[in-house]
Amino acid sequence: DQQVKQNSPSLSVQEGRISILNCDYTNSMFDYFLWYKKYPAEGPTFLISISSIKDKNEDGRFTVFLNKSAKHLSLHIVPSQPGDSAVYFCAAVNYGGSQGNLIFGKGTKLSVKP
Amino acid sequence: NAGVTQTPKFQVLKTGQSMTLQCAQDMNHNSMYWYRQDPGMGLRLIYYSASEGTTDKGEVPNGYNVSRLNKREFSLRLESAAPSQTSVYFCASSVAGGEKLFFGSGTQLSVL
Chain A
3 DQQVKQNSPS
13 LSVQEGRISI
23 LNCDYTNSMF
33 DYFLWYKKYP
43 AEGPTFLISI
53 SSIKDKNEDG
63 RFTVFLNKSA
73 KHLSLHIVPS
83 QPGDSAVYFC
93 AAVNYGGSQG
103 NLIFGKGTKL
113 SVKP
Chain B
3 NAGVTQTPKF
13 QVLKTGQSMT
23 LQCAQDMNHN
33 SMYWYRQDPG
43 MGLRLIYYSA
53 SEGTTDKGEV
63 PNGYNVSRLN
73 KREFSLRLES
83 AAPSQTSVYF
93 CASSVAGGEK
103 LFFGSGTQLS
113 VL
């Protein structure tokens, strides 16, 4: 049973527009959420995170929104650039659980077209 | 600063062969992890080591063994490779209990 779901395998956006990547989770015990970005033939790299006590975190062009009641988070990229084309993984962790319990979604492949 | 280094980058095995994937980090992190990534499956945790001298199973540990050789190094061993173990393997590290993982560039393994 998937605890972290990214229901859109792919997303295509025009350069300069907003990209919105979505993530849903089922485990209400998750208290920290992260987004990782992955280019082909490279390992994932940390992008941005949010604690469950917040509903928004911003870092430059990247903003993550958390809606705890809906168990939903989203990553907004504004404006989108061709270099943002990558696979984005949503991940969640329960600090009260055991070590090593970072759960990843299946990823969304973002393509930003010039 | 190399970060997390994995070797080899590519490997082809025959069913039943054994091999060890090596991982080393130079960030003085306490925790290390092995993940596998399969198409449409995201990243799944195989084993992790919270600190030197400890290892624990993750979501998909069957068919694998690990060794935390020292604080820097964490190896993953396939004793008898199976086609189902064809995947991309990523090693990662973090500060103790940290959720921000630093990943290596991966090992593409094919088992024929």
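As they're listed, the protein sequences go chains A and B.
Just so we're aligned, residue 3 is where the first sequence starts under the working numbering, counting upward by one.
Just so we're aligned, residue 3 is where the second sequence starts under the working numbering, counting upward by one.
Idealized CB from N, CA, C, for every residue including glycine.
As the structure is a prediction and not an experimental result, all values here were calculated from the model.
Taking the Cβ atoms as the reference, residue 69 of chain B lies roughly 14 Å from residue 53 of chain B, outside the contact range of under 8 Å. Residue 8 of chain A is classed as buried because its beta carbon has at least 16 other beta carbons within 10 Å across all chains shown. In the DSSP assignment, residue 34 of chain B falls within the beta strand (DSSP E) that extends over 33-40.
In the structure shown, the three-state DSSP call for residue 3 of chain A is coil. Rounded to the nearest angstrom, the Cβ distance from residue 77 of chain B to residue 24 of chain B is 5 Å, consistent with a contact under 8 Å. In chain order, 43, 44, 45 make up the part of chain A whose C-beta sits under 9 Å from the C-beta of residue 107 of chain B. Taking a beta-carbon distance threshold of 8 Å, residue 55 of chain B does not count as an interface residue toward chain A. If you ignore the 5 residues before and after residue 81 of chain A, its C-beta comes within less than 8 Å of the C-beta of 17, 18, 19, 20, 63, all in its own chain and listed in chain order. The beta carbon of residue 64 of chain A does not come within 8 Å of any beta carbon belonging to chain B, so the residue lies off that interface.
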